[in-house]
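Have a look at the structure below, then the notes.
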Amino acid sequence: MDLLQTIFLAIIQGITEFLPISSSAHLILASDFFGWPDQGTAFDLALHVGTLCAVVIYFRHDLWVISRDTTHSLLKRQSVGQSRMGWFLVISTIPAALFGLFLLDIVDSHLRSPEIIVATTIGFAVLLWLSAKVGREDKDMTQLTLKNILLIGIAQALALIPGTSRSGATITMALFLGYDRQTASRFSFLLAVPITFLATLAKISNDALTVSSIPWLHFLLGAVLSFLTAIAAIHYFLRFLNRFGMMPYVIYRLVLAGVIVLFLL
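Going left to right, the sequence shown walks through residues 339 to 603 as my numbering numbers them.
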């Protein structure tokens, strides 16, 4: 892959990974549109490392408290501070982990076509709009329940289908369940940490990468660019969420679907 492909895909990944517009769809479509060859496992790994570092650093204080209290709860065998949130993140990750373990090959083989991406892009745009319209938004982070975090986890599992968007699916489900936008987005971003970490480990173990197989220039550049753009995307998404709501992302998804249809024609 050349330098332009490296820069473009890294920026696209960083911007779209945590916004409700589907990073996988953008990466697939960009490669198809420009006729680029597959970027390879090492570069995919670099992008995952970059976005994982971004969300960990941005929410470092929350994650430190949650990790510390969850560890203490294990030792004391009782709830400690934010340990409840830690266990909720673990439990909510299980559906996506199982889905990825048993069904990811099917997704990669049969569900990565532009037609599927058009359908999921439109479908989840409508669901996101509906969730923002009918959601009561009268629950905050303290009112998360086991049942609801499992439903959010199932929504995250569906996001393995290209065009869905992990953050879009989880935020949509949380809004439908009555949580306010800040709670929905914050829990979605925290939930990105364990599933992105597992995805990174899976790429390393499945492909048995060696040092000699890694194109270091592209790896480092991709990781840095995806990290910087992901940090900016998280910051501005949370900053403007209350002001603009979800409608800009609904409109963007519908426009994107239209562009894909024109490209197919």
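No residue lacks a Cβ here, since even glycine has one placed at the ideal position from N, Cα and C.
Counting the other CB atoms within 10 Å of its CB gives ILE569 a total of 16 or more, which places it among the buried residues. For the set MET584, GLY424 and SER411, the Cα lying nearest the Cα of SER505 is the one of MET584. With a threshold of 16 other beta carbon atoms within 10 Å, PHE372 falls short and is exposed. Beyond the five residues adjoining it in sequence on each side, ALA434 comes within less than 6 Å, by CB distance, of GLN494, ALA495 and ILE533 in the same chain, given in chain order.
Exclusion of the five residues before and after LEU579 leaves ARG519, GLN520 and SER523 as the residues of its chain whose Cβ lies within less than 8 Å of its Cβ.
Taking C-alpha positions only, SER411 is separated from LEU367 by approximately 45 Å.
The residues SER430, THR508, MET511 and ALA512, in chain order, have a CB closer than 6 Å to that of ILE490 in the same chain once the five nearest residues on each side in sequence are set aside. Per DSSP, VAL428 is one residue of the alpha helix (DSSP H) stretching across 421-448. Taking a cut-off of 8 Å for Cβ pairs, the region 456-469 and the region 404-419 do not touch, as fewer than three such pairs fall below it. If the five residues before and after GLY473 are omitted, its C-beta is found closer than 7 Å to the C-beta atoms of LEU513, PHE514 and GLY516, all from its own chain and listed in chain order. Taking the Cα positions, ARG450 is about 30 Å away from PHE426.
LEU528 has its alpha-carbon roughly 31 Å from the corresponding atom of ILE598. Scanning the region 532-603 for uninterrupted alpha helix (DSSP H) segments of 4 residues or longer gives 554-582 and 585-602, listed from N- to C-terminal end. Approximately 5 Å separates the beta-carbon atoms of SER564 and LEU385; this is inside 8 Å, confirming the contact. Residue PRO358 holds the alpha-carbon nearest to the alpha-carbon of ALA571 among PRO358, GLN343 and LEU342. With a threshold of 16 other beta carbon atoms within 10 Å, GLU355 meets it and is buried. Counting of Cβ neighbours within 10 angstroms places ARG591 among the buried residues, the total reaching 16 or more.
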